[in-house]
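Only one structure is covered here, and it is reproduced in the block below.
Protein chains: 2
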Amino acid sequence: MTFPVVGMVGGGQLARMTHEAGIPLGIRFKLLSDTPQDSAAQVVGDVVIGDYRDLDTLREFARGCDVITFDHEHVPTEHLRALEADGIPVRPGPDALVHAQDKGVMRARLDAIGVPCPRHRIVSDPADVVAFAAEGDGFPVVLKTVRGGYDGKGVWVVETAEEAADPFRAGVPVLAEEKVDYVRELAANVVRSPHGQAVAYPVVESQQVNGVCDTVIAPAPGLDEGLALQAEEMALRIAKELDVVGHLAVELFQTRDGRILVNELAMRPHNSGHWTQDGAITSQFANHVRAVLDLPLGDPRPRARWTVMVNVLGGDYPDMYSAYLHCMARDPQLKIHMYGKDVKPGRKVGHVNTYGDDVDDVLERARHAAGYLRGTITE
Amino acid sequence: MTFPVVGMVGGGQLARMTHEAGIPLGIRFKLLSDTPQDSAAQVVGDVVIGDYRDLDTLREFARGCDVITFDHEHVPTEHLRALEADGIPVRPGPDALVHAQDKGVMRARLDAIGVPCPRHRIVSDPADVVAFAAEGDGFPVVLKTVRGGYDGKGVWVVETAEEAADPFRAGVPVLAEEKVDYVRELAANVVRSPHGQAVAYPVVESQQVNGVCDTVIAPAPGLDEGLALQAEEMALRIAKELDVVGHLAVELFQTRDGRILVNELAMRPHNSGHWTQDGAITSQFANHVRAVLDLPLGDPRPRARWTVMVNVLGGDYPDMYSAYLHCMARDPQLKIHMYGKDVKPGRKVGHVNTYGDDVDDVLERARHAAGYLRGTITE
Numbered sequence: 001m002t003f004p005v006v007g008m009v010g011g012g013q014l015a016r017m018t019h020e021a022g023i024p025l026g027i028r029f030k031l032l033s034d035t036p037q038d039s040a041a042q043v044v045g046d047v048v049i050g051d052y053r054d055l056d057t058l059r060e061f062a063r064g065c066d067v068i069t070f071d072h073e074h075v076p077t078e079h080l081r082a083l084e085a086d087g088i089p090v091r092p093g094p095d096a097l098v099h100a101q102d103k104g105v106m107r108a109r110l111d112a113i114g115v116p117c118p119r120h121r122i123v124s125d126p127a128d129v130v131a132f133a134a135e136g137d138g139f140p141v142v143l144k145t146v147r148g149g150y151d152g153k154g155v156w157v158v159e160t161a162e163e164a165a166d167p168f169r170a171g172v173p174v175l176a177e178e179k180v181d182y183v184r185e186l187a188a189n190v191v192r193s194p195h196g197q198a199v200a201y202p203v204v205e206s207q208q209v210n211g212v213c214d215t216v217i218a219p220a221p222g223l224d225e226g227l228a229l230q231a232e233e234m235a236l237r238i239a240k241e242l243d244v245v246g247h248l249a250v251e252l253f254q255t256r257d258g259r260i261l262v263n264e265l266a267m268r269p270h271n272s273g274h275w276t277q278d279g280a281i282t283s284q285f286a287n288h289v290r291a292v293l294d295l296p297l298g299d300p301r302p303r304a305r306w307t308v309m310v311n312v313l314g315g316d317y318p319d320m321y322s323a324y325l326h327c328m329a330r331d332p333q334l335k336i337h338m339y340g341k342d343v344k345p346g347r348k349v350g351h352v353n354t355y356g357d358d359v360d361d362v363l364e365r366a367r368h369a370a371g372y373l374r375g376t377i378t379e
Numbered sequence: 001m002t003f004p005v006v007g008m009v010g011g012g013q014l015a016r017m018t019h020e021a022g023i024p025l026g027i028r029f030k031l032l033s034d035t036p037q038d039s040a041a042q043v044v045g046d047v048v049i050g051d052y053r054d055l056d057t058l059r060e061f062a063r064g065c066d067v068i069t070f071d072h073e074h075v076p077t078e079h080l081r082a083l084e085a086d087g088i089p090v091r092p093g094p095d096a097l098v099h100a101q102d103k104g105v106m107r108a109r110l111d112a113i114g115v116p117c118p119r120h121r122i123v124s125d126p127a128d129v130v131a132f133a134a135e136g137d138g139f140p141v142v143l144k145t146v147r148g149g150y151d152g153k154g155v156w157v158v159e160t161a162e163e164a165a166d167p168f169r170a171g172v173p174v175l176a177e178e179k180v181d182y183v184r185e186l187a188a189n190v191v192r193s194p195h196g197q198a199v200a201y202p203v204v205e206s207q208q209v210n211g212v213c214d215t216v217i218a219p220a221p222g223l224d225e226g227l228a229l230q231a232e233e234m235a236l237r238i239a240k241e242l243d244v245v246g247h248l249a250v251e252l253f254q255t256r257d258g259r260i261l262v263n264e265l266a267m268r269p270h271n272s273g274h275w276t277q278d279g280a281i282t283s284q285f286a287n288h289v290r291a292v293l294d295l296p297l298g299d300p301r302p303r304a305r306w307t308v309m310v311n312v313l314g315g316d317y318p319d320m321y322s323a324y325l326h327c328m329a330r331d332p333q334l335k336i337h338m339y340g341k342d343v344k345p346g347r348k349v350g351h352v353n354t355y356g357d358d359v360d361d362v363l364e365r366a367r368h369a370a371g372y373l374r375g376t377i378t379e
């Protein structure tokens, strides 16, 4: 067979689940992973252990790959350009990916194409922050390092000029944003291929706990149809304007006054799309693979009325296996997805999906299983 | 984590798809494969290349596995007993597996527990075959080598004493069976765990072409509810009486006079269960893994009104990739499962699953895709 080789940079759970989705597609999957213990490295056949920050390692890895894609956004832009210069397709490409790497670049670009965002400005010291606050509704103000933040890291909500000093200590550029008065967070997930085909998944509600995604409900309950359509169209437009290839997650605020504003972008399979593994005709992982290979995309529509995803975080007990057995016995329809990671308190070690006709029941089943696995529910 | 290690003997597509199903379960999967090019060896991380007929190789492989299971039935029974003596759980165990390895043992055992089978007898020469024919409705008679046959190999339908000479040339025991007057073939698939929990999938219709499974329709269209229940109960009873652990496929004849007779047994995931990957809440592969680990089993119920599986056989063109692209574009809901095998005419290289509310439409979509991939349909 002459099926192509997809080179995945990064050995986390997104790579693991992308490999899983690639097996039925018959594609060959090659992984660049930091260590042999990484989540994906445990389950992939063709693994190179190496540092993605080293250009020679990347180049050597890319040889023999038909396309390079990513588990994370941390590969330096100049390395991606070097791979492209070598003739290796990089998807998403560096010109797209920079918008998921640098929040300053992302905000400037979304402003330029007229996509609504929270009020924002690059700030250089606490006095700038005070001025920014004064021009709006005052404090609190959200400060973010423009690069490197995720899951609540690199983000501060500050109430005073004194508190605003912290983010500047690292000496990296800082973005100030209004603290949006939102009723909930949503995510609009789309997938786009190089020849411009694109599909949109239903808009979901995403609930965060301590800055970390906790629960996703698909579709977002009670979301006005017009607003849902607006969110999908916005995500499709961002994908097109930024020339994204692969999965794009657009994290959104639904404001109290009925608008939607873009919070963050991620150009890879995303936690807000894990429900698609069991809840959609084609998962985000399968469609990401299809997109980066410029294959026709699969149907993104849901298979159930409601699907709920709840993340499983590490608790105090390192051994989840007996809890796992209990959860399977309690709910034979439960879909558990474990990442093969060592349990550390608060670490994402898996997720569960449930689906059905009654959203309250579906939510309860997923929350019970995730809580039991973590150890916060004991009966 | 202390998740267990499942050791899979055999590197074919069943092992490949079992690995795929094991990834979300978080179990560790170790493979014993003949060559690194085998279907499963391409996608599994922990692969040992070696000969399963060599006891030392098996013993070395089994060290560090929590349980051993199989992609095929060809491991010698005495080797399995040796592994058990070493303290390694072998699932299914040798006492169960022998019924899937030796058709003579299987028929004797099913007779003993009162499960209806075609009329049969072990025969030792053509004269025996003539006598067997004369005691029933005469020729044709079906002759099978008791070991080693699959996909129509090791099976002869003979019309005369002269034709009956062939099967004896190899010098292995031969089983004679009446040629059953059947209206169609069915399969009853069940999964059973060591502590005795068992689940039954809906009974399916299985259509063969030249002795090779071609199409599976789930559930079997128009099957009388009483007969379906009888088939499920029969499969559950066989699993219990034979102490099967893991997936058991019971291939059945539905006779013109409304009975069901057991044709073959397979104690592993089976071609007649591939539809469960996209059509059931829990796939046969996931439930096989759960069973061999004595984990609670998953819900076997269907997710769609109809699911159809059609095998993709190799055709005259070694490169299926462009046909594959065409099929994805034509039917965004199509589920393709490729095995990573080189295309050879007639070789099973993949299968497709389709599902929906209209059985004719679902059948047409699956047949078109499989035919297009093989090259027998060109538009």
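Going down the list, the protein sequences come from chains F and Z. Heads up: the first sequence at position 171 corresponds to 171 in UniProt numbering, and the numbers run straight through without jumps. Heads up: the second sequence at position 126 corresponds to 126 in UniProt numbering, and the numbers run straight through without jumps. The beta-carbon is built from N, C-alpha and C at its ideal position, and this holds for glycine as well.
Under the 7 Å criterion on CB atoms, residue 49 of chain F is classed as non-interfacial with respect to chain Z. Around the C-beta of residue 322 of chain F, fewer than 16 other C-beta atoms lie within 10 Å, and the residue is accordingly described as exposed.
Against chain Z, the CB of residue 337 of chain F has a partner CB under 7 Å away; the residue lies at that interface. Chain F places a beta carbon closer than 7 Å to that of residue 281 of chain Z, counting this residue as a contact. For residue 317 of chain F, no Cβ of chain Z is located within less than 7 Å of the residue's own Cβ. Rounded to the nearest whole angstrom, the C-alpha separation of residue 194 of chain F and residue 30 of chain F is 21 Å. Its Cα nearest to that of residue 106 of chain F, the residue F:250 stands out among F:260, F:250, F:303.
A distance below 6 Å between beta-carbons, with the five flanking residues on each side excluded, links residue 369 of chain F to the following residues of its chain, in chain order: 327, 334, 352.
Residue 193 of chain Z sits in coil when the DSSP states are folded into three classes, being neither helix nor strand. In chain order, 325, 328 make up the part of chain F whose C-beta sits under 7 Å from the C-beta of residue 295 of chain Z. Any Cβ of chain Z closer than 7 Å to the Cβ of residue 340 of chain F would place that residue at the interface, and such an atom is present. The straight-line gap separating the alpha-carbon atoms of residue 184 of chain Z and residue 223 of chain Z is approximately 11 Å. With its beta carbon less than 7 Å from one in chain Z, residue 321 of chain F belongs to the interface. When DSSP assignments are scanned along the stretch 149-233 of chain Z, the uninterrupted stretches of beta strand (DSSP E) that are 3 or more residues long and fall wholly within it turn out to be 155-158, 174-178, 182-192, 198-200, 204-209, 212-218.
At a cut-off of 7 Å between beta-carbon atoms, residue 333 of chain Z makes contact with chain F.
Within the same chain, 315 come within 7 Å of residue 376 of chain Z by CB-CB distance, once the 5 residues on both sides are set aside. Of the other Cβ atoms in all chains shown, 16 or more fall within 10 Å of the Cβ of residue 102 of chain F; this residue is therefore buried.
Sequence-ordered contacts of the stretch 3-24 of chain Z with chain F read 3, 16, 20, 23, 24 [C-beta pairs closer than 7 Å]. Within chain Z, no residue has its beta carbon less than 9 Å from that of residue 164 of chain F; the closest one is some 41 Å off. In its chain, beyond the 5 residues on either side, 126, 130 have a beta carbon closer than 6 Å to the beta carbon of residue 161 of chain Z.
Using a Cβ distance threshold of 7 Å, residue 297 of chain F and residue 287 of chain F count as a contacting pair. For the C-beta of residue 284 of chain Z, not a single chain F residue is nearer than 9 Å; the gap to the nearest is close to 14 Å. Residue 242 of chain Z has its alpha-carbon roughly 48 Å from the corresponding atom of residue 202 of chain F.
Taking the CA atoms as reference points, residue 117 of chain Z sits about 29 Å from residue 280 of chain Z.
Of the residues assessed, residue 83 of chain Z falls on the buried side of the cut-off, its CB having 16 or more other CB atoms within 10 angstroms.
According to the DSSP assignment, residue 249 of chain F belongs to the beta strand (DSSP E) that extends over 246-255.
The Cβ of residue 44 of chain Z sits closer than 7 Å to at least one Cβ of chain F. Residue environment analysis places residue 35 of chain Z among the exposed positions, since fewer than 16 neighbouring C-beta atoms fall within 10 angstroms of its C-beta. In the three-state reduction of the DSSP assignment, residue 379 of chain Z falls in the coil class, being assigned neither a helical nor a strand state. Any Cβ of chain F closer than 7 Å to the Cβ of residue 71 of chain Z would place that residue at the interface, and such an atom is absent. A direct Cα-to-Cα measurement between residue 290 of chain F and residue 120 of chain Z gives close to 51 Å.
Against chain Z, the beta carbon of residue 303 of chain F has neighbours under 8 Å at 303, listed in chain order. Comparing alpha carbon positions, the residue from F:71, F:13, F:261 closest to residue 342 of chain F is F:13.
Residue 298 of chain F belongs to the set of residues whose beta carbon lies under 7 Å from a beta carbon in chain Z. A residue is called buried when at least 16 other Cβ atoms come within 10 angstroms of its Cβ; residue 317 of chain Z does not meet this threshold and is exposed.
Each of F:70, F:347, F:4 was checked against the Cα of residue 210 of chain F, and the nearest Cα belongs to F:347.
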